[in-house]
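**Student:** Numbering follows the numbering used here, in which position 42 of the sequence shown is assigned residue number 53; successive positions increment by one, without gaps. Glycine included, every Cβ here is placed at the ideal spot set by N, Cα and C. Note that the structure is predicted; figures quoted are calculated from it, not measured.
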Amino acid sequence: MAEMPFVDTDIEDECAMHATSELSIKKKRKRTIGREIEEGIERKKKKNKQYQPNYFISLPITNPKITGSIQAVQDAIIQKDQRFSKAMVRSGSLHVTMLVMHLSTEEEISIAVGALSDSKVFVDDLLKGKRVNLSFQGIDHFRNQVGFVNLAENDHTALLKEIAETMKKIFQEKGIMTGEERAFKPHLTFMKLSKSTELRKQVKKIDSSLYEGFKNHYFGDEILHRFDLCSMLKKKQPNGYYYCESSIVFGKSHEADLVKEALRRETQALLPRLNQIKELLTSPEIRTKISKELFEDRHNSNSKWKSCIDSEFPNA
Ligand code: AMP
Numbered sequence: 012m013a014e015m016p017f018v019d020t021d022i023e024d025e026c027a028m029h030a031t032s033e034l035s036i037k038k039k040r041k042r043t044i045g046r047e048i049e050e051g052i053e054r055k056k057k058k059n060k061q062y063q064p065n066y067f068i069s070l071p072i073t074n075p076k077i078t079g080s081i082q083a084v085q086d087a088i089i090q091k092d093q094r095f096s097k098a099m100v101r102s103g104s105l106h107v108t109m110l111v112m113h114l115s116t117e118e119e120i121s122i123a124v125g126a127l128s129d130s131k132v133f134v135d136d137l138l139k140g141k142r143v144n145l146s147f148q149g150i151d152h153f154r155n156q157v158g159f160v161n162l163a164e165n166d167h168t169a170l171l172k173e174i175a176e177t178m179k180k181i182f183q184e185k186g187i188m189t190g191e192e193r194a195f196k197p198h199l200t201f202m203k204l205s206k207s208t209e210l211r212k213q214v215k216k217i218d219s220s221l222y223e224g225f226k227n228h229y230f231g232d233e234i235l236h237r238f239d240l241c242s243m244l245k246k247k248q249p250n251g252y253y254y255c256e257s258s259i260v261f262g263k264s265h266e267a268d269l270v271k272e273a274l275r276r277e278t279q280a281l282l283p284r285l286n287q288i289k290e291l292l293t294s295p296e297i298r299t300k301i302s303k304e305l306f307e308d309r310h311n312s313n314s315k316w317k318s319c320i321d322s323e324f325p326n327a
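1) Helix, strand or coil, according to DSSP, for Y229 in the structure here?
2) Taking 8 Å as the threshold (C-beta atoms), are S69 and H106 in contact?
3) Going by Cα to Cα distance, which pick from L138, F153, L145 is closest to H162?
4) Name the residue from E50, R46, D86 whose alpha carbon lies nearest to the alpha carbon of F225.
5) What does a CB cutoff of less than 8 Å around G125 pick up in its chain, not counting 5 residues either side in sequence?
6) For chain C, is any of its Cβ atoms less than 8 Å away from the one on Y253?
7) Quick one, are the C-beta atoms of A98 and K203 less than 8 Å apart?
8) For P75, name the three-state secondary structure that DSSP assigns.
9) Determine whether the beta carbon atoms of S102 and H228 lie at a separation below 8 Å.
10) Kindly indicate which residue of T299, K172, K289, Q213 has the alpha-carbon position closest to the one of A194.
11) Taking the Cβ atom as the reference point for each residue, do L110 and T189 lie within a distance shorter than 8 Å?
12) Could you name each continuous alpha helix (DSSP H) segment of 4 residues or more that falls completely within the region 149-205, going from the start of the chain to the end?
13) Since T108 is in the beta strand (DSSP E), which residue starts that stretch and which ends it?
14) So, are the CB atoms of F201 and V100 less than 8 Å apart?
15) Just list the residues that DSSP pairs R309 with in beta bridges.
16) Measuring from the CB of K203, is there a heavy atom of the ligand ZN at a distance below 7 Å?
17) With the cut-off set at 8 Å, would you say L199 and V157 are in Cβ contact?
18) Identify whether N144 lies in helix, strand or coil by the three-state DSSP scheme.
19) In or out: R211 buried (at least 16 other Cβ within 10 Å) or exposed?
20) Tell me F238's beta-bridge partners as DSSP assigns them.
21) Confirm the yes/no value for this check: CB of H236, any heavy atom of the ligand AMP, distance under 7 Å.
22) Give me the Cα-Cα distance between T177 and Y62, rounded to the nearest whole angstrom.
23) What three-state label does DSSP hand Y66 in the structure shown?
24) Candidates F230, T108, H310, L281: which alpha carbon is nearest Q82's?
25) Are I234 and V134 close, meaning C-beta to C-beta below 8 Å?
26) Going by beta carbon distance, what residues of the same chain come within less than 8 Å of E117, once the five residues before and after it are set aside?
27) Using three-state DSSP, classify Y342 as helix, strand or coil.
28) Between which two residues does the alpha helix (DSSP H) containing Q213 stretch?
29) Take E150 as the anchor and find which of S104, L221, D166 has the nearest alpha-carbon.
30) T278 to K245, Cα distance in whole Å?
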């Protein structure tokens, strides 16, 4: 639950605030009113829980430059105050939330899957073959409760906002209950106090001095390649990313690019060793040693074969 994007304990906090102010009502009526308030709070909590977002559309963040830099900020913060380790979003689940929604039945999930698939045509239409290159720079916060990396404001972010609005309309037209009345503010959350109730009791705010050295840091660019319909509550995947009901992919095969890039990196890592081997082979002593060993090997295996044949065909 603590890992849920958009989920925090604000609702309960608000209820608690009501409870404290109402409970100061005259002593005589305290018990009756107290019970009524409690029931009211329970009803409100139940209703809020019923409609709390439990699914979201995610834009996964996979660029190692971004995830690596985020790891560096998180490490720097934890080094200043160990308690914040509980607030950190793990590298595998870094994402930009495009839209949150509440889906209560399997039928609603399949309607949402359909809405996501319908969105593909509309998003392709908005993209017109262009690549959306999202540039992540600088750190900001929501009410000192959520720490996030900002998206640089440019044509690409404007396009992303347009995409988010279009998707919201598509989901709403299908009768899906989408959350958040406030305007879409694209951001990349890397820490939030709501991830740990224990931490929230100890720490009331994320002080900006904690990430001082990174306030204007450039984290890297992410090219939009996929949107996922993710569950906030279902068990995460082994790689740390959310459980996905379905996805839509953009641009040419991003997977192929990833494989190519991984192979390139592997080869790069092997190059120094290859050069070392080449250098060794230029040494005459090493070459003589290798020739000798090869000769011995060949001789040994010949003898092995010979004794094998001798034992199989003793009369040959
Ligand atoms: P997410 O990045 O989706 O995991 O969201 C992290 C937290 O940021 C959630 O608790 C949201 O309620 C909060 N949040 C998201 N957008 C806004 C916004 N525009 N203003 C204030 N809080 C927000």
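**Tutor:** So, to answer that:
1) Stepping through the sequence shown from its first residue, residue 229 is reached at position 218. Here Y229 sits in strand by DSSP.
2) Position 95 of the sequence shown, counted from the first residue, corresponds to residue 106. Position 58 of the sequence shown, counted from the first residue, corresponds to residue 69. For H106 and S69, yes; Cβs fall inside 8 Å.
3) By 1-based counting over the sequence shown, the position of residue 162 is 151. Checking the sequence, you will find Leu at residue 162 rather than His. When only C-alpha atoms are compared, the closest one is L145.
4) Locating residue 225 in the sequence shown gives position 214, where the first residue counts as 1. A check of alpha carbon separations from F225 across E50, R46, D86 identifies D86 as the nearest.
5) Translated into the one-based positions of the sequence shown, residue 125 becomes position 114. Taken in chain order, the residues that qualify are K185.
6) Considering every chain present, this structure includes no chain C. It has just one protein chain.
7) As a position in the sequence shown, residue 98 is number 87, starting the count at 1. As a position in the sequence shown, residue 203 is number 192, starting the count at 1. Cβ atoms of A98 and K203: closer than 8 Å.
8) The residue labelled residue 75 in the question sits at position 64 within the sequence shown. P75 falls in the helix class under three-state DSSP.
9) On the sequence shown, position 91 is the one that residue 102 refers to. On the sequence shown, position 217 is the one that residue 228 refers to. No, Cβ-Cβ distance for S102 and H228 is not below 8 Å.
10) Sequence index remark: in the sequence shown, residue 194 carries index 183 (1-based). Ranking the options by Cα distance to A194, first place goes to K172.
11) In the sequence shown, the residue the question calls residue 110 occupies position 99. In the sequence shown, the residue the question calls residue 189 occupies position 178. Going by C-beta atoms, L110 is nearer than 8 Å to T189.
12) Counting only runs of 4 or more, we get 166-184.
13) For the purposes of this step, residue 108 is taken as residue 97 along the sequence shown, with counting starting at 1. If you look at T108, you'll find it in the beta strand (DSSP E) that goes 106-113.
14) The residue given as residue 201 occupies position 190 in the sequence shown. The residue given as residue 100 occupies position 89 in the sequence shown. The Cβ-Cβ distance between F201 and V100 falls below 8 Å.
15) As a position in the sequence shown, residue 309 is number 298, starting the count at 1. DSSP, once it has assigned bridges, lists no residue as partnering R309.
16) This structure simply doesn't include the ligand ZN; it includes the ligand AMP instead.
17) Indexing the sequence shown from 1 puts residue 199 at position 188. Indexing the sequence shown from 1 puts residue 157 at position 146. No, the Cβ-Cβ distance between L199 and V157 is not below 8 Å.
18) Within the sequence shown, the letter at position 133 stands for residue 144. Looking at N144 - three-state DSSP - the assignment turns out to be strand.
19) As a first step, residue 211 must be located in the sequence shown, where it is residue number 200. Answer is buried; the Cβ neighbour count reaches 16.
20) The residue given as residue 238 occupies position 227 in the sequence shown. The partner list for F238 (beta bridge, DSSP) reads I259.
21) On the sequence shown, residue 236 is found 225 positions in, with the first residue counted as 1. Short note on H236: C-beta not closer than 7 Å to any heavy atom of the ligand AMP.
22) Within the sequence shown, the letter at position 166 stands for residue 177. Within the sequence shown, the letter at position 51 stands for residue 62. Their Cα atoms are separated by approximately 22 Å.
23) Numbered from 1 along the sequence shown, position 55 holds the residue referred to as residue 66. Secondary structure at Y66: strand, using DSSP grouped into helix, strand and coil.
24) Locating residue 82 in the sequence shown gives position 71, where the first residue counts as 1. Selected option, being the one with the closest Cα: F230.
25) As a position in the sequence shown, residue 234 is number 223, starting the count at 1. As a position in the sequence shown, residue 134 is number 123, starting the count at 1. Contact flag unset, no.
26) Residue mapping note: residue 117 aligns to position 106 of the sequence shown, counting from 1. Apart from sequence neighbours up to five positions away, no residue of its chain approaches E117 with a beta-carbon distance below 8 Å.
27) Look at the range of the chain in this structure, 12 to 327, and you will see that residue 342 is not part of it.
28) In the sequence shown, residue 213 corresponds to position 202, counting from 1. Per DSSP, Q213 belongs to the alpha helix (DSSP H) from 208-213.
29) For this step, residue 150 is matched to residue 139 along the sequence shown. Reading the sequence as shown, one finds Ile at residue 150 and not Glu. With respect to the C-alpha of I150, the residue from S104, L221, D166 having the closest C-alpha is L221.
30) Translated into positions along the sequence shown, residue 278 becomes position 267. Translated into positions along the sequence shown, residue 245 becomes position 234. Rounded to the nearest angstrom, the two C-alpha atoms are 38 Å apart.
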